[in-house]
Amino acid sequence: MFFLKTGNDTTFERMKFIKESQPFINKPYRMIFTVGFFSSIVKIVLVRETIAVFSGNEIVLSIALAFWLLSSGIGSRISKKMSSSGTLLVLFFNMFLSLLVITGIRYIPRTALPGEVFSLLFILFVLIIVISPCSFLSGALFSILSCSANGPKLYRSENAGNIAGTMLSALLIAFQIPHSFIVLIGITALITNLFQRKILVLSIVVTCFVFTIFESATIRWKYPAAVATVCYGKSGELAFDTIHKITYLNRRFYSSEDNGPVIEQAVHVPLSIRDGKTVLLIQNRGHVKEINRYNDKDIVCIEDEPLLSDSVCKCKFFERLPSNNKFDFVILGYGLPDNISSNRYFTDAFFRKVHSMVQDSGLFSFTFELNNEYPDNTERKIINSIISTLHSNFKFVKIFQSIGMTFVASDCEFSLPGKSIVHDRYFTNSILPVARVGEFTVPDKQNSIFVNSIYRPILMQLSLKRYMNEFGVNGNLCIIIAAICIIGLSPVFIKSKNTISVGTTGFCIGIYSMTVMLLYQFSFGNLYTQITLLTVSLAAGFVVGGSFKKMLHSDLVIAIYVVISIFILSNFPHQILFFIANGLMGALGGAQFVTRDPESWGKLNAADLFGGVAGVLFGATVILPGIGVFYTSIMMAALKIGVALLLWNRTYVKEV
């Protein structure tokens, strides 16, 4: 009796010790909620900082999201056998590293010379260092807590935290709150799990204090010393050099009060061709100053960035301008499209809209800074795509080649200018003497393969290839290596019938989310700010789907849904539909996840994340530019139908 009493007392004391030393053990859902809350904030901030540092290219966005998912999957996979005793340390390092990597990524531009472009390999190296630590630790925490908690409930709690964090981020971003303060709010939520570890709490508080003090200095590391103000706009991060009167957008030169020869060529070529009074300018990069040299011109100028609008240029979406407004000249200020945002201004649909707004003899023009003396094969393809897309809407297309390449299109015959009709600085003496004219007539059979469209963004693919060629990177080789790595790692994450189903769904969700973002950016162009709400809708769908108790033939349902929803978004691009579609896809994925046989929630989570990595990585860089939006949806549907047939007679849904 004495021995039994002693044993019971010992067991009681041990359980009491565990409870006191690990206070989270009875509150795993609260902890995972705060982890999801914090992780969503850090992910959004890191993605926005990455886009700004690497000049606004959405390809960087897809790579960053892919690395986030991959690191989370690895953390979830290898930490399933870790002891829960180190959970609080994992939380601490998650907070500490988030502050460290945000500061570090802002310093990256200081390592390059002014005007130097970062190579793709350097970007990959930086993203691995910046993205991996926080996402790895977040994935590890889910796997650790799943050993002592209900998997579906844990899944819902994490996604609820994701929603809360993303919604708060969207609200704070709308009010232009600095990124560092947004992260500090996330840390405040996560630090509530450390109150019984005073040393850890004190350490992170001191780190946050130092980080806040140097916030105004670190945010300007990305720009030249003369930059006085940095703020967040709808289309990217804006910096203003008040000394030299220069504006930067995502670290790129945007405009200056001192116009260069390219701006003069972009304005004087079309305005010197024929008489006309009304001019529509889309994006002012110094064009207004040159147009004002013509005293008889009435200018309508529009900007899609509110912070760049003024008394002359109003913030409006070109797509929303009434088609009954007719102009003699339409000048597009965008240069060579190297991201999705600018690519939307060179699609067949956009040119069709422009065609409806020019007079019968009106002119449409834009200027690229291309190597027009000795264009390489990729640049020739870019030129051919532009010409083909213009010819799908205009009868006559000509190119004025000098400092850059000015494309001019009209339905009436015209001759390119041989002189300027106003006083200028560069056009007469420097541009015209070396000018060459290329004239292109309508081909007998339109080559639709080269037409740039929303459904197949040829220019985005060619611009990415041109960028890689600058550094001698073989794009096809990179794709092959990445594909081999993913295929080689697949057996590690996807072993059973459950993980096959969940992993391929993660793959489709990754592609689907990038497709929605691509279509949204093509339609509205402000993904930089709206990515938070698109993420909210997806996370909300995961939470709703996580409450399902049973889902039959989930693979077939997902296959049907992707085709129907992408068809609707492509043909009826209303803003609210993008959020609804993303949310419904998340609900289907979440429902499938929680209704699987719970062999191991950590394994299922790893398979889901691994599939998402492949989908996000290849969706924006290979699949969408290569085969287009419609065939991408067909490919996803075919994959899920194949999985459904493979597992048709196998029971892999848990009993309820």
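So for the sequence shown, this note's numbering puts the first residue at 7; every next one is plus one.
Note that the Cβ used here is the ideal one computed from N, Cα and C, for glycine as well.
Query - Proximity below 8 angstroms, CB of Leu465 to CB of Pro343 - result: yes
Report task. Please determine, among Lys404, Gly632, Val508, the residue with the shortest C-alpha to C-alpha distance to Ser459. Result -> The residue with the shortest Cα to Cα distance from Ser459 is Gly632.
Query raised in the report: Do you know how far the Cα of Ile84 is from the Cα of Met591?
Result: 28 angstroms
Report task. With a floor of 4 residues, list each alpha helix (DSSP H) that falls wholly inside the stretch 380-450, ordered by position along the chain. Result -> Whole alpha helix (DSSP H) segments, 4+ residues: 383-397.
Query - Every unbroken beta strand (DSSP E) within the stretch 126-176, with a cutoff of 3 residues, ordered by chain - result: none
Query raised in the report: Is the stretch 190-198 in contact with the stretch 219-234, if contact means three or more CB pairs nearer than 8 angstroms?
Result: In short, these stretches do not touch, since the Cβ pair count stays below three.
Query raised in the report: Hey, how far is the Cα of Asn475 from the Cα of Ile47?
Result: Per the coordinates, the alpha-carbon of Asn475 lies some 35 angstroms from the alpha-carbon of Ile47.
Query raised in the report: At which residues does the beta strand (DSSP E) containing Glu296 begin and terminate?
Result: Element bounds for Glu296: not the beta strand (DSSP E) but the alpha helix (DSSP H), 293-297.
**Report entry** Three-state secondary structure assigned by DSSP to Ile249
**Finding:** coil
**Report entry** alpha helix (DSSP H) segment containing Tyr473, residue limits
**Finding:** Tyr473: member of the alpha helix (DSSP H) spanning 464-476, first to last residue.
Report task. Following the continuous beta strand (DSSP E) through Ile219, name the residue where it begins and the one where it ends. Result -> Note, Ile219: premise wrong, no beta strand (DSSP E); alpha helix (DSSP H) at 204-219.
Query raised in the report: Would the stretch 295-311 and the stretch 422-431 be scored as touching if the rule is three or more Cβ pairs under 8 angstroms?
Result: yes
Query - Best match in Leu190, Tyr637, Phe554 for proximity to Gln598 [C-alpha to C-alpha] - result: Phe554
Query - Cβ-Cβ distance between Ser362 and Ser329 below 8 angstroms - result: yes
**Report entry** C-beta contact flag for Ser261 and Gly292 at 8 angstroms
**Finding:** In this structure, Gly292 lies closer than 8 angstroms to Ser261 by Cβ.
Query - DSSP three-state assignment for Asp281, whether helix, strand or coil - result: coil
Query raised in the report: What three-state label does DSSP hand Asp302 in the structure shown?
Result: coil
Requested in this report: Helix, strand or coil for Ala643, going by three-state DSSP, please let me know.
Outcome: helix
Report task. Note down, in chain order, each residue of its chain lying with its Cβ closer than 6 angstroms to the Cβ of Asn577, except the 5 sequence neighbours on either side. Result -> none
Query raised in the report: According to the neighbour-count rule (16 or more other Cβ atoms, all chains shown, within 10 Å of its Cβ), is Ala231 buried or exposed?
Result: Around the Cβ of Ala231, a 10 Å sphere holds fewer than 16 other Cβ atoms; the residue is exposed.
Query raised in the report: With burial defined as no fewer than 16 other Cβ atoms inside 10 Å of the residue's Cβ, what is the status of Ser60: buried or exposed?
Result: A small fix is needed here, since residue 60 is Phe in this sequence, not Ser. Answer is buried; the Cβ neighbour count reaches 16.
**Report entry** Residues of its chain near Leu160, where Cβ-Cβ distance is below 8 angstroms and the 5 sequence neighbours each way are ignored
**Finding:** Result list for Leu160: Pro34, Tyr35, Ile38, Phe148, Leu151, Ser152, Trp607, in chain order.
**Report entry** Residues of its chain near Val440, where Cβ-Cβ distance is below 6 angstroms and the 5 sequence neighbours each way are ignored
**Finding:** Apart from the 5 residues on each side of it in sequence, Val440 sits with its Cβ closer than 6 angstroms to the Cβ of Ser408 in its chain, given in chain order.
**Report entry** Residue of Leu75, Lys332, Gly266, Phe413 minimising C-alpha distance to Gly516
**Finding:** Leu75
Report task. Below 8 angstroms on the Cβ atoms is my guess for Gly648 versus Gly596; work out the distance and round it to an integer in Å. Result -> Contact flag wrong, Cβ pair sits at about 22 angstroms.
Query raised in the report: Which word fits Asn331, buried or exposed, when buried means at least 16 other C-beta atoms lie within 10 angstroms of its C-beta?
Result: Its Cβ having fewer than 16 others within 10 Å, Asn331 is exposed.
Report task. Taking only the alpha-carbon atoms, compute the straight-line gap between Ile65 and Gln581 and give it to the nearest angstrom. Result -> 22 angstroms
**Report entry** Reduced DSSP secondary structure (H/G/I, E/B, other) of Thr668
**Finding:** The requested residue 668 is not part of the displayed model; the chain covers only 7 to 662.
Query raised in the report: Start and end of the beta strand (DSSP E) containing Ile50?
Result: Unbroken run through Ile50 is the alpha helix (DSSP H), 34-59; no beta strand (DSSP E).
Query raised in the report: What three-state label does DSSP hand Val123 in the structure shown?
Result: coil
Report task. With DSSP as the reference, please indicate the residues paired to Glu243 in a beta bridge. Result -> Tyr238
Query - Cβ-based neighbour list, Cys319, same chain, cut-off 8 angstroms, excluding 5 preceding and 5 following - result: Short of 8 angstroms from the beta carbon of Cys319, and not among the five residues preceding or following it, lie these beta carbons of its own chain, in chain order: Leu287, Asn290, Val294, Cys307, Ile308, Glu309.
Query raised in the report: How about Val522 and Phe624: do their beta carbons lie closer than 8 angstroms?
Result: With respect to Phe624, Val522 sits apart: the two C-beta atoms are not nearer than 8 angstroms.
Query raised in the report: So, is Ala665 buried or exposed, given that buried needs 16 or more other C-beta atoms within 10 angstroms?
Result: With the chain covering 7 to 662 only, the question about residue 665 has no answer from this structure.
**Report entry** Start-to-end residues for the alpha helix (DSSP H) that takes in Ala258
**Finding:** Here residue 258 turns out to be Arg, not Ala, going by the sequence shown. Not the alpha helix (DSSP H): Arg258 falls in the beta strand (DSSP E), residues 258-262.
Query raised in the report: When you compare only the Cα positions, how much space is there between Leu651 and Phe548?
Result: 25 angstroms
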